[in-house]
Amino acid sequence: MNYKGRKVLVTGADGFIGSHVTEALVRSGADVTAMALYNSFDSHGWLDDLPDNIRSQLNLIRGDVRDSAFVSRVMRGQAVVFHLAALIAIPYSYAAAQSYVETNILGTVNVLEAARQWETERVVQTSTSEVYGTALTMPISESHPLQGQSPYSASKIGSDMMAESYARSFDVPVVILRPFNTYGPRQSERAIVPTIIRQALDPNCQAIMVGDTSPIRDLTFVEDTARAFLAAGSADLEFGHAYNAGTQRAVTVSDVLDLVIELSGTKKPVHRDERRLRPQNSEVRALLADPSRLESKTGWQAQTSLRDGLERTIGWWKGRLSEGRVRREMGYMT
8 MNYKGRKVLV
18 TGADGFIGSH
28 VTEALVRSGA
38 DVTAMALYNS
48 FDSHGWLDDL
58 PDNIRSQLNL
68 IRGDVRDSAF
78 VSRVMRGQAV
88 VFHLAALIAI
98 PYSYAAAQSY
108 VETNILGTVN
118 VLEAARQWET
128 ERVVQTSTSE
138 VYGTALTMPI
148 SESHPLQGQS
158 PYSASKIGSD
168 MMAESYARSF
178 DVPVVILRPF
188 NTYGPRQSER
198 AIVPTIIRQA
208 LDPNCQAIMV
218 GDTSPIRDLT
228 FVEDTARAFL
238 AAGSADLEFG
248 HAYNAGTQRA
258 VTVSDVLDLV
268 IELSGTKKPV
278 HRDERRLRPQ
288 NSEVRALLAD
298 PSRLESKTGW
308 QAQTSLRDGL
318 ERTIGWWKGR
328 LSEGRVRREM
338 GYMT
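Counted the way our numbering counts, the sequence shown spans residues 8 to 341.
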């Protein structure tokens, strides 16, 4: 994965996974332009939390992937584009489905069209394991049927299909990376792992409130996911094809809950909160990755155990709480 001196753009760089991908690219020697969603708070999201020696090497820009002219301007001259900008919060997609279409599908079209215009060497389109819906067979390979069980997942299916179509129709060199559930430092409470950890540690919480704890997930530590992105951006892969990134280890939400309680040492009771449940036919019951296609092409494997990853994530949350810096984020970027 030789990125030294290469011009690389990361859309959605201000988000959870995006900030880790950005950091990994800088450490690999890339010339990184990091795109954050414009806001009036003079914030670059999680990029503001990067070490000074990393952040100082970034070309920070603000914009919106829905703006086709802006996307075209910033992509000119970039060798590799990691497209992570997306609306991702599943609960909000039930309330505002059109915004997911505009950001996730039309935003992806803008990136693909600019790549076509400027003959970009490689685009990595960020997918999600949610596109598979509840597993019909496990582990899930890339040939598994796609099932839109939420407006969010439907919009990501649409954006993946646009990526596939641009590869087939216009020879755009786009690879679709499909990470399974990622967790780790900088993740907002829209996801189950940080929700449990924050409640376990926060002295203002008297109990841990959870929804359904029976779903099965394949949880990948964020630094492993970031390495998968860098592999997808440089390896000899088939354009227009999807590649899963996951651990191939299944755990229930209940398993995660028990391990967080053990590692954090909390004695708090656990209560079920009906407001945290998804609509019955929308809940994805089971996700377990078959990452063999990516592994065979790149040698990538998840290296961090769930216990080690949770320990590191708990340590990060302890630091945030001790500094009084806990914040709830909108979940705009991945």
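No residue lacks a Cβ here, since even glycine has one placed at the ideal position from N, Cα and C.
Beta-carbon spacing of V81, L16 below 8 Å:
Reading the sequence shown from its first residue, position 74 is the one you call residue 81. Reading the sequence shown from its first residue, position 9 is the one you call residue 16. Closer than 8 Å, so yes.
Quick test of the definition: if touching needs 3 or more C-beta pairs under 8 Å, does the stretch 240-251 touch the stretch 191-206?
no
From M168 to V131, what distance separates their C-alpha atoms?
The count along the sequence shown starts at 1 and reaches residue 168 at position 161. The count along the sequence shown starts at 1 and reaches residue 131 at position 124. Cα-Cα distance, rounded: 13 Å.
Note the first and the last residue of the continuous beta strand (DSSP E) segment covering M145.
By one-based count along the sequence shown, residue 145 stands at place 138. Neither: M145 is in no beta strand (DSSP E) and is coded neither H nor E.
Leaving aside the five residues before and after Y173 along the sequence, list all residues of the same chain whose C-beta is less than 7 Å from its C-beta, in chain order.
Counting from 1 along the sequence shown, the entry for residue 173 is found at position 166. Within the same chain, Y173 has close Cβ partners L119, R123, V179 and V181.
How many whole angstroms separate the CB atoms of S3 and K163, which I take to be in contact at a CB cut-off of 8 Å?
The question about residue 3 has no answer here: the residues shown for the chain are numbered 8 through 341.
What did DSSP end up calling V291 once you bin it into helix, strand or coil?
Position 284 of the sequence shown holds residue 291. DSSP places V291 in coil when its eight states are reduced to three.
Separation of S157 from A257, as counted between CA atoms:
Your numbering for residue 257 matches position 250 in the sequence shown. Your numbering for residue 157 matches position 150 in the sequence shown. If I take the Cα positions, the gap works out to 22 Å.
Below 8 Å on the Cβ atoms is my guess for R73 versus T18; work out the distance and round it to an integer in Å.
Along the sequence shown, one-based indexing puts residue 73 at 66. Along the sequence shown, one-based indexing puts residue 18 at 11. Not quite, the Cβ-Cβ distance comes to about 11 Å (not below 8 Å), so this is no contact.
How would you write the range of the beta strand (DSSP E) that V181 sits in, first residue to last?
Start at 1 with the first residue of the sequence shown, and residue 181 comes out as number 174. For V181, the enclosing beta strand (DSSP E) stretches over residues V181 to P186.
Only counting the same chain, and skipping five residues up and downstream in sequence, which positions put a Cβ closer than 7 Å to that of P146?
Position 139 of the sequence shown, counted from the start, is the residue given in the question as residue 146. Here the set comprises Q255, L295, A296 and D297.
Range of the contiguous beta strand (DSSP E) that encloses K2:
The requested residue 2 does not occur in the structure, where the chain is confined to residues 8 to 341.
Which of helix, strand or coil does DSSP assign to G306?
The residue labelled residue 306 in the question sits at position 299 within the sequence shown. DSSP places G306 in coil when its eight states are reduced to three.
Taking all protein chains shown into account, do 16 or more other C-beta atoms lie within 10 angstroms of the C-beta of Y137, making it buried, or fewer, making it exposed?
Counted from its first residue, the sequence shown places residue 137 at position 130. Checking the sequence, you will find Glu at residue 137 rather than Tyr. E137 should be labelled buried.
Just to confirm, is the Cβ distance from R300 to E171 under 8 Å?
Taking the first residue of the sequence shown as position 1, residue 300 is located at position 293. Taking the first residue of the sequence shown as position 1, residue 171 is located at position 164. Taking 8 Å as the Cβ cut-off, R300 and E171 do not qualify as a contacting pair.
Using the Cα positions of D56 and L153, report the straight-line distance between them to the nearest angstrom.
In the sequence shown, residue 56 corresponds to position 49, counting from 1. In the sequence shown, residue 153 corresponds to position 146, counting from 1. Separation of D56 and L153 (C-alpha to C-alpha, rounded to the nearest whole angstrom) is 36 Å.
Go ahead and pull the three-state DSSP assignment for G22.
Position 15 of the sequence shown, counting from 1, holds the residue named residue 22. Reduced to three states, the DSSP call for G22 is coil.
Every unbroken alpha helix (DSSP H) inside the stretch 85-135 [4 residues or more]:
97-102, 104-107 and 114-125
Just reading off the beta strand (DSSP E) that D38 is part of, what are its end residues?
Your numbering for residue 38 matches position 31 in the sequence shown. Element bounds for D38: D38 to L44.
Closest by C-alpha distance to V357, when choosing among R129, P186 and Y190:
The structure shown does not extend to residue 357, since the chain spans only 8 to 341, so no value can be given for it.
Could you say which of A238, G322 and T141 lies nearest to S303 if we only look at CA atoms?
For the purposes of this step, residue 303 is identified with residue 296 of the sequence shown, where counting begins at 1. That would be A238, whose Cα lies nearest to the Cα of S303.
Whole-angstrom C-beta distance between F187 and N251, which should lie under 8 Å:
The count along the sequence shown starts at 1 and reaches residue 251 at position 244. The count along the sequence shown starts at 1 and reaches residue 187 at position 180. Yes, they are in contact, since the Cβ atoms of N251 and F187 sit about 7 Å apart, within 8 Å.
Residues that DSSP places opposite F48 in a beta bridge:
On the sequence shown, residue 48 is found 41 positions in, with the first residue counted as 1. Partner(s): none; F48 has no beta bridge.
How should F177 be labelled, buried or exposed, when 16 other C-beta atoms within 10 angstroms of its C-beta is the threshold for buried?
Within the sequence shown, residue 177 is the residue found at index 170, counting from 1. That one is exposed.
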